[in-house]
Amino acid sequence: MDDTRKRSEPGPGSGGLISAAELESAMKAGEIDTLILAFCDMQGRLMGKRLTGDYCLRSGLTKGTHFCVYLLGTDMEMNTPGGYALMNWENGYGDWLAKPDWSTLRVIPWQERTALVLCDVEDEHAGSRIAVSPREILQQQLQRADQLLFRIMMASELEFFLFRDTYEQLHSEGYRTKHMNAAGHYNEDYNLLQGTRNEPLYRLIRNSMNAAGIPIESTKGEAAVGQHEVNLRFADALTSADRHVILKHGIKEICIQQGCSATFMAKPHHGWTGSSGHIHISVWDQKGERNLFDGPDQQPYGMSEKMRYFLGGILACTRDFSLFFAPTVNSYKRFAPESWAPVSIVWSRDNRTSGLRIVGDRQSLRIESRIPGADMNPYLAYAAMIAAGLHGIENRIEPPPEWKGNAYAAEGLPRVPASLAEAMALWKASPLVRSAFGDQVTEHYYNMARVEQQAYDAFVTDWERMRYFEQG
209 MDDTRKRSEP GPGSGGLISA AELESAMKAG EIDTLILAFC DMQGRLMGKR LTGDYCLRSG
269 LTKGTHFCVY LLGTDMEMNT PGGYALMNWE NGYGDWLAKP DWSTLRVIPW QERTALVLCD
329 VEDEHAGSRI AVSPREILQQ QLQRADQLLF RIMMASELEF FLFRDTYEQL HSEGYRTKHM
389 NAAGHYNEDY NLLQGTRNEP LYRLIRNSMN AAGIPIESTK GEAAVGQHEV NLRFADALTS
449 ADRHVILKHG IKEICIQQGC SATFMAKPHH GWTGSSGHIH ISVWDQKGER NLFDGPDQQP
509 YGMSEKMRYF LGGILACTRD FSLFFAPTVN SYKRFAPESW APVSIVWSRD NRTSGLRIVG
569 DRQSLRIESR IPGADMNPYL AYAAMIAAGL HGIENRIEPP PEWKGNAYAA EGLPRVPASL
629 AEAMALWKAS PLVRSAFGDQ VTEHYYNMAR VEQQAYDAFV TDWERMRYFE QG
């Protein structure tokens, strides 16, 4: 097994990370009998195969494993829609290669004698990475940052709703909220008593993730019944995105094992608080020793020139890049006044009505984007933030003045797109999108959004029947 490491040491909380040599020894000893080879699809889900320890020891896994190319050209229900240049019936739906990144290899504590490694996606015959793979899209932006001698540090906050029902029970009831048993009966925002009711599960999640090398800083109740938040420790951007996607997958697997369920939908019900996926970002020197956002003698708030330009770029690009922050029809229902989700693309020092918030100071000084929801694909959302920030630095874009006051009540501010259709139009027409991600990625993800929008437009909802059946 090739044990080439692509990144520096994992840092505190690396716990369950192991080397390929350690995996081989554990398989020989019978301590691990299953290896999951996983890659992230467009929707942010983990796809892949489970390989037996015996097969791994015989094959050596020097190459990886093959999968059908359609997995990077599906909709949420795994259909094979048209419009994708890279995968279609004319091309025959061939294979691509999932090639392990051994620096991500870890033991998965919530699965018996199982390890997992994340993979990059390659065209084996061309000998090149697949440009539309989410993990590759992020790595392309990190290469841009590396050329500027930057190391991008990031972290995610993820919110979700917990239910006492299993996924199978909710599916059989058509996911109707009247049949959902939320894991609580009052708002549990920071409420330790309500949190205690589900603490055995939350403790299991925290400890399992820490043991898997996914360091959790804290969990807390959120602003709705059955809603909870997980805060991940910051790390370099690729490591943080990897942690994010395994965390989300792992929480669902743990819920399955415990007879309950969790959803990361941005807005599961119009009357509930939405679930966010806040992203924290800062730019460091390549050794990771100094936060380049820190300019203690500069104004405002000790923000260095680089930080101001980075913030200016994010503000300038967010509307155009919204498909990578809010990828579904449901994503845009989260953005509502006085909902704890932002509607205005403005920045403030510590103001939860603004889309961008400046938090921390000196070495912890960073930008928090409150725009993405918990349904984001972390590789794509991270790539969009980095691309926007680098655009700001390269073009020396100063941010507008700080917004002070209630951004919900203000008029004339740049707004988050009101719908997926609006975000699609912005994406399609944007020279910033094509410059940052290239034509192939631009067209591929536009088609993903088009497929989603058309599926929604064709579906007759319960709301329509209730509104129009008798009186329409």
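In case it helps, this note's numbering puts the sequence shown at residues 209 to 680. No residue lacks a Cβ here, since even glycine has one placed at the ideal position from N, Cα and C. No experiment lies behind these values; they were computed from the predicted model shown.
Residue i - DSSP class collapsed to helix/strand/coil
{"i": "Cys463", "result": "helix"}
{"i": "Ser222", "result": "Caution is warranted here: a pLDDT of 44 is assigned to Ser222, below 50, making its placement in the model unreliable, and no coordinate value can be reported."}
{"i": "Cys327", "result": "strand"}
{"i": "Pro639", "result": "helix"}
{"i": "Met362", "result": "strand"}
{"i": "Val295", "result": "Rather than Val, the amino acid found at residue 295 in this sequence is Met. Looking at Met295 - three-state DSSP - the assignment turns out to be coil, as it is neither helix nor strand."}
{"i": "Asp647", "result": "helix"}
{"i": "Asn439", "result": "strand"}
{"i": "Ala470", "result": "strand"}
{"i": "Lys428", "result": "strand"}
{"i": "Ser627", "result": "coil"}
{"i": "Pro504", "result": "coil"}
{"i": "Arg560", "result": "coil"}
{"i": "Pro308", "result": "strand"}
{"i": "Ile316", "result": "coil"}
{"i": "Thr260", "result": "strand"}
{"i": "Ile702", "result": "Because the chain spans 209 through 680 in this model, residue 702 falls outside it and cannot be assessed."}
{"i": "Arg658", "result": "helix"}
{"i": "Ile594", "result": "helix"}
{"i": "Ser483", "result": "coil"}
{"i": "Thr282", "result": "coil"}
{"i": "Asn415", "result": "helix"}
{"i": "Asn389", "result": "coil"}
{"i": "Val491", "result": "strand"}
{"i": "Glu672", "result": "helix"}
{"i": "Glu239", "result": "coil"}
{"i": "Met250", "result": "coil"}
C-beta contact flag for residue i and residue j at 9 Å
{"i": "Asn415", "j": "Glu425", "result": "no"}
{"i": "Ile575", "j": "Leu621", "result": "no"}
{"i": "His274", "j": "Met362", "result": "no"}
{"i": "Ile413", "j": "Gly479", "result": "no"}
{"i": "Leu350", "j": "Ile594", "result": "yes"}
{"i": "Ala629", "j": "Pro580", "result": "no"}
{"i": "Pro342", "j": "Leu588", "result": "yes"}
{"i": "Val551", "j": "Gly568", "result": "no"}
{"i": "Tyr654", "j": "Met632", "result": "yes"}
{"i": "Gly521", "j": "Asn603", "result": "yes"}
{"i": "Ala474", "j": "Arg542", "result": "yes"}
{"i": "Ser227", "j": "Trp310", "result": "yes"}
{"i": "Pro608", "j": "His452", "result": "no"}
{"i": "Met584", "j": "Asp283", "result": "no"}
{"i": "Leu305", "j": "Lys271", "result": "yes"}
{"i": "Val537", "j": "Gln661", "result": "yes"}
{"i": "Ser364", "j": "Leu455", "result": "yes"}
{"i": "Ala420", "j": "Arg498", "result": "no"}
{"i": "Ser380", "j": "Phe442", "result": "no"}
{"i": "Val706", "j": "Thr526", "result": "Because the chain is modelled from 209 through 680, residue 706 falls outside the range shown and cannot be assessed."}
{"i": "Ala357", "j": "Gln506", "result": "In the sequence on display, residue 357 carries Leu and not Ala. Taking 9 Å as the Cβ cut-off, Leu357 and Gln506 do not qualify as a contacting pair."}
{"i": "Ser530", "j": "Leu640", "result": "no"}
{"i": "Leu326", "j": "Phe247", "result": "yes"}
{"i": "Pro289", "j": "Val668", "result": "no"}
Among the options, nearest to residue i - alpha-carbon criterion
{"i": "Glu332", "options": "Leu564, Leu350, Gly302", "result": "Gly302"}
{"i": "Met235", "options": "Thr669, Leu265, Leu279", "result": "Leu265"}
{"i": "Pro408", "options": "Ile360, Gly335, Gly467, Arg352", "result": "Gly467"}
{"i": "Gly281", "options": "Ala246, Val315, Val340", "result": "Val340"}
{"i": "Lys307", "options": "Asn299, Glu285, Glu298, Gly335", "result": "Gly335"}
{"i": "Ala549", "options": "Ala353, Gly485, Arg642, Met674", "result": "Gly485"}
{"i": "Ser572", "options": "Pro639, Pro508, Leu500", "result": "Leu500"}
{"i": "His477", "options": "Asp528, Gln347, Thr385", "result": "Thr385"}
{"i": "Ala617", "options": "Ala470, Leu640, Ser643, Arg560", "result": "Arg560"}
{"i": "Leu225", "options": "Thr312, Gly261, Arg337", "result": "Thr312"}
{"i": "Thr471", "options": "Thr374, Glu396, Tyr398, Ala524", "result": "Thr374"}
{"i": "Arg411", "options": "Glu437, Trp492, Ile566", "result": "Glu437"}
{"i": "Gly429", "options": "Glu298, His652, Cys463, Gly392", "result": "Gly392"}
Expected contact under 8 Å - CB spacing of residue i and residue j to nearest Å
{"i": "Ser483", "j": "Phe369", "result": "7 Å"}
{"i": "Glu461", "j": "Trp318", "result": "6 Å"}
{"i": "Lys612", "j": "Ser556", "result": "7 Å"}
{"i": "Phe532", "j": "Ala591", "result": "7 Å"}
{"i": "Ile360", "j": "Asp444", "result": "7 Å"}
{"i": "Asn389", "j": "Arg372", "result": "4 Å"}
{"i": "Ile605", "j": "Tyr509", "result": "With 8 Å as the limit, Ile605 and Tyr509 do not qualify as a contact, their Cβ atoms being about 18 Å apart."}
Contact with chain B by residue i, beta-carbon distance below 9 Å
{"i": "Arg405", "result": "No chain B appears in this structure, which consists of one protein chain only."}
Contact test: residue i Cβ vs the ligand SAH heavy atom, cutoff 8 Å
{"i": "Ala420", "result": "The model depicted lacks the ligand SAH and carries no ligand whatsoever."}
Touch test, the stretch 644-662 against the stretch 285-300, Cβ-Cβ under 8 Å, three pairs minimum: yes
If you pair each beta-carbon of the stretch 310-325 with each one of the stretch 228-248, do three or more pairs fall below 8 Å? In short, these stretches touch, since the Cβ pair count reaches three.
Would you call the stretch 274-289 and the stretch 242-261 in contact, with 3 or more CB pairs under 8 Å? Result yes; three or more Cβ-Cβ pairs closer than 8 Å.
Do three or more CB pairs link the stretch 433-453 to the stretch 395-403 at distances below 8 Å? yes
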